[in-house]
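Shown next, in structure tokens, is the structure this report addresses.
Structure below.
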């Protein structure tokens, strides 16, 4: 049971880490996660094609209104 709990914790961290944390210190864009870049202030920020939600970058979806 303890191994299962550890695995769930590791998977949760991996899923969150793929999006990178907005505001995390960086030197180059590869220090940031998917949808992030290293801004001029040396902090991770969302690309324009992503939107920040709770300090994580998520791909922006186009909404078509008729």
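In our numbering, the protein residues as written are 1026 to 1091.
Think of the CB as a built atom: it goes at the ideal place given N, C-alpha and C, for glycine as much as any other residue.
- Residue 1055 sits in a helix when the DSSP states are folded into three classes.
- Beta-bridge partners of residue 1074 (DSSP): none assigned.
- The alpha-carbon of residue 1085 is positioned some 19 Å away from that of residue 1048.
- Closest in alpha carbon position to residue 1065, among 1055, 1051, 1078, is 1051.
- Distance from the CA atom of residue 1058 to the CA atom of residue 1070, rounded to whole angstroms, is 10 Å.
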